[in-house]
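Residue numbers (our numbering), protein chains in the order written: chain W, 7 to 267; chain R, -19 to 297.
Positions of the beta carbon are idealized from the N, C-alpha and C atoms, including for glycine.
None of these values were measured; they are calculated from a predicted model.
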Ligand SMILES: Cc1cc2nc3c(=O)[nH]c(=O)nc-3n(C[C@H](O)[C@H](O)[C@H](O)COP(=O)(O)OP(=O)(O)OC[C@H]3O[C@@H](n4cnc5c(N)ncnc54)[C@H](O)[C@@H]3O)c2cc1C
Ligand SMILES: Nc1ncnc2c1ncn2[C@@H]1O[C@H](COP(=O)(O)O)[C@@H](O)[C@H]1O
């Protein structure tokens, strides 16, 4: 099987985030591999390992695909050190501030040339928090959409993929045939830590860096425009009481006073 | 006058409160058309259940592919309607399903998309709260039909009775939208409590409950609240996963959020930080969630909650 995993480099979720000129200030915060994408990398590796592995000459390959600034190679390298085989990074100054429609067009541009059987994604990038790129990819690639998977079973011989989809609307059992776009929820597995051997091996793995012209996708102007952004006034310091037996009553009186009950 | 589409929102076949909220936002822009995508034979019944909010027209498309093929089939029908009827905007409920449908319609109709809006104004400016609610962003779609997903429970719904004109439309769905097949669907176990994302009050329990949610539920019931849980509690199997609040659970934005025995990890905050009033009960005075609490009780939830429950009941009687 040819498996792709889409990963994004994002600002560390613990870092303070600010808006600069209508987009997120990415320059001044630590950047990491989107932690929800680690589950997608792990699942891709598990699917490969369950069906003959992804060693050189083996039946499967796992390719990391990312769009982002040049330093996104760090996040890509992490996915490689977990065990992915190779990577493609699309980086271009024209992509600064790209939104989901552009991102999905670029990723689809790369993926459509490679005949992947499976494309795995996380459910959400922790910076954009849109949860739309996987669905857009499925639409653009005319592939089956199997998103929000809490389990994935693949039969390489028949090309059938079965998942459980968990969302607020409940649990659906679904199946489709290759090629599929799958997004996985964080409950699906426990991502491995890169081993020392993995980290050393990753240094030798190739990252194919491409610009937009090489992908063959042109970027049109923005799909939406930010008019303004402003920090909200911080929450006023709250009331804090230590329970001495009357904490529950005090809470009930507070709720009554605020007309919340 | 311009016309705005809303995708009628149903959970387990029943209309959600979000429909009136979407209609209220839509009515600021133009007349509101609700699109009902229903199983064969169920369209009229579903349409007539949309009885509240400023809805002036309902378009019904019936097809069993909607429940068989899910997101892709619904998006296909909606994209076809948007293309032929050219509404001024499309508003969809901002949950996993709604966002994915909106995403595919955006691709199909070459339109900009804004997700997780908490407000939409008459000139189609969407308001979003980003970075855990610390920053307000106003933005506008600049290309195609503005597609905006709106967070449930963010807009004060106008609850006027609706008397819409109903029209049924026949559509053929594209083969591409039938590539994934749903073999079974289990709706979330609802019980008698309100839906988590729609509730005015949410009471959540975390690892501090040590598996015993009874004081959390009793307090919730005294106020007619929904019950939520932290990931520590859902992972331990103490409460169903569908009740998880946070980054990888549900985003809630109630009038009142009460966190009991929850420390306040960033992933939990991501799902509740925009609640109007936040109450925290935790025995550790250093728990980070106290930083954003309007009212905090440092104490044992097993001692505090029963007294608070009594207090609420006394106030109500
Ligand atoms: C990718 C990823 C996604 C995640 N998504 C989510 C998510 O969606 N939602 C989520 O909630 N978490 C999520 N998490 C987990 C998150 O990081 C925390 O681990 C989790 O929120 C902790 O839950 P907790 O606050 O209940 O437990 P803890 O952090 O263990 O806190 C328990 C608290 O209870 C207090 N306590 C103990 N006993 C009592 C008592 N008797 N009375 C009062 N207080 C008491 C303690 O002082 C402590 O503060 C995610 C993590 C990752 C890595
Ligand atoms: N720039 C990107 N490069 C590669 N993959 C991405 C990128 N942006 C989003 N994705 C994938 O799409 C998923 C959902 O992202 P989003 O729709 O931005 O919340 C992520 O978890 C990634 O798997």
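Apart from the five residues on each side of it in sequence, which residues of its chain come closer than 8 Å, Cβ to Cβ, to residue i?
{"i": "residue 8/R", "result": "100, 101, 102"}
{"i": "residue 98/R", "result": "107, 108, 109, 130, 131, 134, 135, 233, 254"}
{"i": "residue 191/W", "result": "45, 129, 154, 155, 156, 172"}
{"i": "residue 66/R", "result": "125"}
{"i": "residue 11/R", "result": "-19, -18, -17, -16, 36, 37"}
{"i": "residue 293/R", "result": "202"}
What residues match up with residue i in a beta bridge as DSSP calls it?
{"i": "residue -15/R", "result": "13/R, 70/R"}
{"i": "residue 8/W", "result": "67/W"}
{"i": "residue 270/R", "result": "Answer is none; residue 270/R lacks a bridge partner."}
{"i": "residue 238/R", "result": "183/R, 259/R"}
{"i": "residue 180/W", "result": "169/W, 162/R"}
{"i": "residue 92/W", "result": "69/W"}
{"i": "residue 108/R", "result": "97/R, 117/R"}
{"i": "residue 157/W", "result": "170/W"}
{"i": "residue 42/R", "result": "18/R"}
{"i": "residue 248/W", "result": "278/R"}
{"i": "residue 150/W", "result": "186/W"}
{"i": "residue 230/W", "result": "121/R"}
{"i": "residue 205/W", "result": "DSSP lists no partner for residue 205/W."}
{"i": "residue -5/R", "result": "-10/R"}
{"i": "residue 148/R", "result": "40/R"}
Quick check: residue i and residue j, are their CB atoms within less than 7 Å of each other?
{"i": "residue 150/R", "j": "residue 39/R", "result": "no"}
{"i": "residue 186/W", "j": "residue 167/W", "result": "yes"}
{"i": "residue 33/R", "j": "residue 212/R", "result": "no"}
{"i": "residue 178/R", "j": "residue -3/R", "result": "yes"}
{"i": "residue 118/R", "j": "residue 92/R", "result": "no"}
{"i": "residue 263/R", "j": "residue 280/R", "result": "yes"}
{"i": "residue 57/R", "j": "residue 41/R", "result": "yes"}
{"i": "residue 20/R", "j": "residue 44/R", "result": "yes"}
{"i": "residue 183/R", "j": "residue 225/R", "result": "no"}
{"i": "residue 81/R", "j": "residue 121/R", "result": "no"}
{"i": "residue 241/R", "j": "residue 223/R", "result": "no"}
{"i": "residue 132/W", "j": "residue 195/W", "result": "no"}
{"i": "residue 70/R", "j": "residue 6/R", "result": "no"}
{"i": "residue 160/W", "j": "residue 169/W", "result": "no"}
{"i": "residue 85/R", "j": "residue 53/R", "result": "no"}
Counting only the same chain and skipping the five closest in sequence on each side, list residues whose C-beta sits under 7 Å from that of residue i.
{"i": "residue 233/R", "result": "131, 133, 134, 254, 255"}
{"i": "residue 288/R", "result": "199"}
{"i": "residue 137/W", "result": "129, 130"}
{"i": "residue 227/R", "result": "247, 250, 251"}
{"i": "residue 66/W", "result": "7, 9, 54, 57, 58, 59, 60"}
{"i": "residue 116/R", "result": "107, 109"}
{"i": "residue 222/W", "result": "115"}
Spatial neighbours of residue i within its chain, please: C-beta separation below 6 Å, excluding the five flanking residues on both sides.
{"i": "residue 38/W", "result": "18"}
{"i": "residue 178/W", "result": "171"}
{"i": "residue 127/W", "result": "12, 46, 140, 189"}
{"i": "residue 270/R", "result": "260, 276"}
{"i": "residue 37/R", "result": "13, 144, 145"}
{"i": "residue 15/W", "result": "37, 74, 78, 81"}
{"i": "residue 111/R", "result": "none"}
Counting only Cβ pairs nearer than 9 Å, list the residues of chain C close to residue i.
{"i": "residue 113/W", "result": "Judged by its chain identifiers, the structure shown contains no chain C, and its protein chains are W and R."}
Can residue i be considered in contact with ligand 3, in the sense that its beta carbon sits closer than 6 Å to one or more heavy atoms?
{"i": "residue 229/R", "result": "In terms of ligand content, the structure shown lacks ligand 3 and carries ligand 1 and ligand 2 instead."}
ask   = When Cβ atoms are compared, which residues of the segment 220 to 247 of chain W fall closer than 7 Å to chain R?
value = 228, 229, 230, 231, 232, 233, 234, 235, 236, 237, 238, 241, 244, 245, 246, 247
Positions along the segment 146 to 168 of chain R whose CB lies within less than 8 Å of some CB in chain W = 156, 159, 160, 161, 162, 163, 164, 165, 166, 167, 168
key: Shell residues, 7 Å Cβ cut-off relative to heavy atoms of ligand 2   = Counting only residues whose CB is nearer than 7 Å to a non-hydrogen atom of ligand 2, the list in chain order is 12/W, 13/W, 14/W, 40/W, 42/W, 43/W, 46/W, 71/W, 72/W, 73/W, 74/W, 106/W, 109/W, 113/W, 127/W, 128/W, 129/W, 130/W, 131/W, 134/W, 135/W, 136/W, 137/W, 138/W, 139/W, 140/W, 189/W.
ask   = Using a Cβ cut-off of 7 Å, which residues of the segment 37 to 69 of chain W contact any Cβ in chain R, in chain order?
value = none
query = Which of the residues in the segment 33 to 66 of chain R, read from start to end, lie with their CB under 8 Å from any CB of chain W?
reply = 50, 51, 52, 55
task = Closer than 7 Å, Cβ to Cβ, to anything on chain W: give me those residues from the segment 247 to 263 of chain R, in chain order.
result = 257, 259
message = At a CB distance below 7 Å, what residues from the segment 6 to 30 of chain R approach chain W? Give them in sequence order.
response = If the cut-off is 7 Å between Cβ atoms, the segment 6 to 30 of chain R has nothing near chain W.
query = Taking any Cβ of chain W, which residues in the segment 276 to 288 of chain R have a Cβ under 9 Å from it, in chain order?
reply = Going along the segment 276 to 288 of chain R in chain order, one finds 276, 277, 278, 279, 280, 283, 284, 285, 286, 287, 288 with a Cβ nearer than 9 Å to chain W.
ask   = Looking at chain R, which residues of the segment 96 to 109 of chain W have a Cβ within less than 9 Å of any of its Cβ atoms?
value = Here the close residues are 105, 106, 107.
task = Give the residues from the segment 114 to 131 of chain R that approach chain W closer than 7 Å (Cβ to any Cβ), ordered along the chain.
result = 114, 115, 116, 117, 118, 119, 120, 121, 122, 123
ask   = For the segment 87 to 108 of chain R, which residues have a CB atom closer than 8 Å to at least one CB atom of chain W, in sequence order?
value = 87, 88, 91, 92, 93, 94, 95, 96, 105
Contact residues within the segment 141 to 162 of chain W, judged by C-beta distance below 8 Å to chain R = Within the segment 141 to 162 of chain W, the qualifying residues are 141, 142, 144, 145, 146, 148, 149, 150, 151, 152, 153, 154.
message = Taking beta-carbon pairs under 7 Å, can you tell me which members of the segment 74 to 85 of chain R lie near chain W?
response = 75, 76, 77, 79, 80, 83, 84
Residues from the segment 219 to 239 of chain R in contact with chain W, defined by Cβ distance under 8 Å = 221, 222, 227, 228, 230, 235, 236
task = With 9 Å as the C-beta to C-beta threshold (strictly closer), list the residues of the segment 170 to 182 of chain R near chain W in chain order.
result = 175, 176, 177, 180, 181
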